């Protein structure tokens, strides 16, 4: 059974619309993260959460808003979508936030903005 | 300029051969290095991590770290076609272990 679930797997959106990417982890981890991977760019850290609390935000735009309704959930709301937002968005988790724990990545949501 | 540089960008090795991948950080604050493997269309999966100077071996995989130069290398011996993937190096600072900075990766093709 997959330990980190991301929904949907693929998403096509029109410019200016809003979408929510879902992430749930069943590893019992206390820390969760969002990363973005675009063509020809490094995998980019976006947010980190620990016990449902936002710990770090490396995105310059307020259009990206993480939401944590439960300790094992971390969704990502993206508003006013732009074609440049097209990327694969990975959710990840680790046992704890501050230590050098291995981060486990979910399968990703591939977003295409037209 | 990227803080984590990987080389080569792509690499082809014959099946059974040795693959050597390099990674250097330009951030003097980093203390921990990670190697992830990402097969096409899949998510990254952690292969090995290292924070002490020297060498660490796990099966066919060996990682070296030189902390003075912030250079790490990954060596894969007896390469298999299933090793064909994108290899990502990441670095994190001691006091911010969660904050992984990734390189753009080395694309490895093992030619059967």
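Protein chains in written order, with this note's numbering: chain S, 1 to 114; chain X, 1 to 112.
A virtual CB, placed ideally from N, CA and C, is assigned to each residue, including glycine.
These numbers come from a predicted model, not from an experiment.
Exercise. Which term fits residue 24 of chain X, buried or exposed, when burial requires 16 or more other beta carbons within 10 angstroms of its beta carbon?
Worked result: buried
Exercise. Considering residue 22 of chain X, what are the terminal residues of the beta strand (DSSP E) in which it resides?
Worked result: 19 to 25
Problem set entry | Contiguous beta strand (DSSP E) assignments of at least 3 residues, all confined to the segment 22 to 92 of chain X | 30 to 38, 45 to 50, 54 to 58, 61 to 66 and 71 to 76
Exercise. Whose Cβ in chain X lies nearer than 9 Å to the Cβ of residue 56 of chain S?
Worked result: 96, 98 and 99
Exercise. If you measure from the beta carbon of residue 69 of chain X to each beta carbon in chain C, is any gap under 8 Å?
Worked result: Going by chain labels, chain C is absent from the structure shown, which instead holds the protein chains S and X.
For this session: Would you kindly work out how many angstroms separate the C-alpha atoms of residue 72 of chain S and residue 23 of chain S, rounded to a whole number?
Result: So the two alpha carbons sit approximately 8 Å from each other.
For this session: Could you tell me how far apart the beta carbons of residue 30 of chain X and residue 93 of chain X are, in whole angstroms, since I believe they sit closer than 8 Å?
Result: 6 Å
For this session: Compare the C-beta of residue 66 of chain S against all C-beta atoms of chain X and say whether one is closer than 8 Å.
Result: no
Exercise. What separation, rounded to the nearest whole angstrom, lies between the Cα atoms of residue 3 of chain X and residue 13 of chain S?
Worked result: 32 Å
Exercise. Cα separation between residue 52 of chain S and residue 49 of chain X?
Worked result: The C-alpha of residue 49 of chain X is placed about 27 Å away from the C-alpha of residue 52 of chain S.
Exercise. Hey, does residue 49 of chain X have any beta-carbon neighbour from chain S nearer than 8 Å?
Worked result: yes
Problem set entry | Assumed close pair residue 21 of chain S, residue 109 of chain S - CB separation to whole angstroms, cut-off 8 Å | Sure, about 5 Å apart at Cβ, within 8 Å.
Exercise. When the Cα of residue 84 of chain S is compared with those of S:44, S:114, S:75 and S:5, which residue comes out closest?
Worked result: S:114
Exercise. Around the Cβ of residue 12 of chain X, are there at least 16 other Cβ atoms within 10 angstroms (buried) or fewer (exposed)?
Worked result: With a threshold of 16 other beta carbon atoms within 10 Å, residue 12 of chain X falls short and is exposed.
Problem set entry | Three CB pairs or more closer than 8 Å across the segment 90 to 99 of chain S and the segment 69 to 76 of chain X | no
Exercise. Based on Cα-Cα distance, which residue from S:78, S:55 and S:74 lies nearest to residue 62 of chain S?
Worked result: S:78
Exercise. With 16 as the cutoff for other CB atoms within 10 Å, does residue 6 of chain S come out buried or exposed?
Worked result: buried
For this session: Answer yes or no: does any C-beta atom of chain X fall closer than 8 Å to that of residue 43 of chain S?
Result: yes
For this session: Within 10 angstroms of the Cβ of residue 106 of chain X, are there 16 or more other Cβ atoms? Answer buried if so, exposed if not.
Result: buried
Problem set entry | Local conformation of residue 42 of chain S per DSSP, three classes | Residue 42 of chain S falls in the coil class under three-state DSSP.
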